[in-house]
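Residue numbers (the working numbering): 11 to 438.
Think of the CB as a built atom: it goes at the ideal place given N, C-alpha and C, for glycine as much as any other residue.
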RNA sequence: GGAGAAGUACCCAAGCAGGUCGAAGGGGACGGUUUGCUAAACCGUUAGUAGGGGUAACUCUAGCGCGGGUUCGAAUCCCGCCUUCUCCGCCA
């Protein structure tokens with residue numbers, strides 16, 4: 011949600027800022043609604059003030075034995091008038107709300123305009139591994155080593171699902187344990203939220219109303235504000251944890267992380283190049299989340315990016331960090347860095363973490379504020395989220411980057427305590 | 001799943017046969033008097049918030065779980081919903 015006051019005062023500035031993400035918007039209608047809204051309020055409140063005053067006087071007049079029937083009739087008239095005005099007001103406020111709800115966040119000043127093609131690689135870590143043999147792709151590797159069962163995954167869950175089996179499950183679980191351990195070391199609080207969320211959660215996060223088609227809804231409610239859906243990311247839960255709250259300045263920042271599976275429809279995105287576990291309807295992710303003071307969110311974003319990178323580095327995997335161009339940032343976010351991991355068989359880098367600063371965009375939608383210690387004033391806080399990490403591309407990267415000529419896979423050192431093996435071999 | 005009860009400000013809690021009730025009382029917090037210091041005692045302050053108008057002082061509107069309705073007037077009456085608690089049943 012953008013601040014309507016900002017649009018009211020500088021419509022052109024906001025329009026140009028949104029244009030950076032190739033989003034065209036015209037505020038003339040909005041501004042006329044805004045004008046109308048305020049004039050209705052001014053007029054109806056004046057009527058209400060009068061009505062309140064007279065209504066208060068009526069018992070006294072009655073006590074004095076005066077005839078108040080004229081007054082009652084007058085007040086009835088005013089009451090009816092106010093009612094009509096309030097209907098009008100609600101109508102125009104709905105229009106304003108719907109308009110504002112659909113607007114994406116304003117990109118930060120240092121975010122470059124345009125689409126994906128303008129993303130900038132900020133830094134890279136490691137080198138592309140060179141193989142003295144013909145490397146296999148991750149689908150073949152995890153299948154031959156018995157780590158993932160794709161066929162039976164589809165059999166029991168339908169297209170886009172897989173099953174982690176045996177050492178594969180251990181390897182997956184080891185990754186999650188590794189991430190969790192690191193976040194706890196860094197002072198983040200571990201959270202396990204519900205996986206079913208209410209409509210309001212999706213609204214606050216910025217997924218609704220525009221992207222409601224991307225999530226799995228469950229049957230219980232058809233009406234928008236009663237429906238529940240399965241979370242597409244733990245971010246959706248964590249942003250709502252402090253919804254409608256006023257935190258104290260000294261309690262910020264709040265640093266959380268959560269593990270949840272993530273469920274996404276991914277409708278229409280089944281591309282041949284994305285076979286395997288690169289894109290599925292369900293994947294495991296540990297998500298970091300921060301609520302910060304506005305003046306600290308920039309540093310917090312850097313911290314999150316470094317934390318995500320450190321996790322990939324700890325695994326010894328070649329990757330790079332990209333700063334996204336305006337259009338490639340998701341709607342709620344003002345600035346985003348992606349950590350992208352090298353997948354040899356695809357000859358490409360794939361996102362394993364997206365680290366974003368939403369500034370006050372989500373806080374406005376969720377009405378999440380804090381109180382300044384000195385001035386006692388309330389302000390919207392800033393929220394940030396970063397994957398740390400999603401496993402569904404880390405595991406392919408591990409098996410591909412660590413594969414050996416005999417088809418076995420070396421287990422990254424940091425995972426060995428949990429996997430209990432240092433190498434995984436193909437089944438006969 | 002079935003049956004009851006309840007949701008009032010930071011917390012507890014009165015009000016609920018509609019009319020100075022934006023709300024008694026207590027606790028807490030804050031300020032003060034007293035005091036060598038602390039405690040106690042006493043006095044005082046204490047909705048927060050959102051929105052409208054105004055350069056401002058200030059002023060008005062909304063608000064007693066949420067949303068509607070009745071009425072000149074609703075914390076109080078009516079309807080719908082949400083949440084919590086208790087009891088019964090069922091179950092990992």
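Leaving out five residues before and five after residue i in sequence, what residues of the same chain have Cβ atoms less than 8 angstroms from its Cβ?
| i | result |
| --- | --- |
| residue 437 | 154, 155, 156 |
| residue 233 | Model confidence at residue 233 stands at a pLDDT of 48, short of 50, so the residue's coordinates are unreliable; what they give is reported in the following sentence. Excluding sequence neighbours, residue 233 sits near nothing in its chain. |
| residue 317 | 192, 193, 196, 298, 396, 398 |
| residue 242 | 217, 224, 225, 272, 273, 274 |
| residue 285 | 149 |
| residue 96 | 54 |
| residue 430 | 180 |
Counting C-beta neighbours from all protein chains within 10 Å, is the total for residue i 16 or more, i.e. buried, or is it exposed?
| i | result |
| --- | --- |
| residue 143 | exposed |
| residue 11 | buried |
| residue 131 | exposed |
| residue 70 | exposed |
| residue 100 | exposed |
| residue 23 | exposed |
| residue 200 | exposed |
| residue 184 | buried |
| residue 31 | buried |
| residue 66 | exposed |
| residue 256 | exposed |
| residue 94 | exposed |
| residue 138 | exposed |
| residue 244 | buried |
| residue 87 | exposed |
| residue 411 | buried |
| residue 270 | buried |
Going by beta carbon distance, what residues of the same chain come within less than 7 angstroms of residue i, once the five residues before and after it are set aside?
| i | result |
| --- | --- |
| residue 44 | 14, 18, 106 |
| residue 162 | 173 |
| residue 25 | 35, 37 |
| residue 413 | 145, 146, 151, 419 |
| residue 227 | 237, 239 |
| residue 372 | 214, 215, 216, 249, 342, 393 |
| residue 16 | 24 |
| residue 98 | 50 |
Look up residue i in the DSSP assignment and give the residues it is bridged to.
| i | result |
| --- | --- |
| residue 365 | 347, 396 |
| residue 266 | 199, 299 |
| residue 358 | 353 |
| residue 206 | 240 |
| residue 329 | 135, 351 |
| residue 175 | In the DSSP output, where bridge partners are listed per residue, residue 175 has none listed. |
| residue 256 | 379 |
| residue 389 | 380 |
| residue 227 | 239 |
| residue 419 | 413, 434 |
| residue 271 | 294 |
Going by C-alpha to C-alpha distance, which of the options sits closest to residue i?
| i | options | result |
| --- | --- | --- |
| residue 176 | 315, 152, 120 | 152 |
| residue 205 | 273, 145, 36, 219 | 273 |
| residue 196 | 347, 188, 203 | 188 |
| residue 264 | 119, 56, 391 | 391 |
| residue 124 | 431, 338, 60 | 338 |
| residue 109 | 165, 218, 379 | 218 |
| residue 375 | 241, 239, 252 | 252 |
| residue 396 | 370, 256, 47, 346 | 346 |
| residue 367 | 93, 276, 81, 301 | 301 |
| residue 320 | 379, 292, 351, 335 | 351 |
| residue 348 | 357, 355, 364 | 364 |
| residue 61 | 425, 49, 84 | 84 |
| residue 294 | 355, 381, 179 | 179 |
| residue 33 | 221, 113, 212 | 113 |
| residue 309 | 285, 136, 369, 55 | 369 |
| residue 259 | 247, 303, 221 | 303 |
| residue 287 | 203, 381, 357, 405 | 405 |
| residue 291 | 104, 433, 356, 402 | 402 |
| residue 80 | 52, 389, 73, 64 | 64 |
Residues in the same chain with beta-carbon distance under 6 angstroms from residue i, minus the five sequence neighbours each way, listed in chain order, please.
| i | result |
| --- | --- |
| residue 126 | 338 |
| residue 118 | 344, 345 |
| residue 336 | 30, 31, 117, 121, 123 |
| residue 254 | 377 |
| residue 361 | 348, 350 |
| residue 424 | 188, 324 |
| residue 28 | 35 |
Can you tell me the Cβ-Cβ gap for residue i and residue j, rounded? I've got them flagged as a contact below 8 angstroms.
| i | j | result |
| --- | --- | --- |
| residue 408 | residue 422 | 6 angstroms |
| residue 296 | residue 267 | 6 angstroms |
| residue 170 | residue 276 | 7 angstroms |
| residue 330 | residue 134 | 4 angstroms |
| residue 186 | residue 247 | With a Cβ gap of about 17 angstroms, residue 186 and residue 247 do not count as contacting. |
| residue 129 | residue 334 | 5 angstroms |
Could you tell me whether any non-hydrogen atom of the ligand FAD is closer than 7 angstroms to the CB of residue i?
| i | result |
| --- | --- |
| residue 359 | You won't find the ligand FAD in this model; it holds no ligand whatsoever. |
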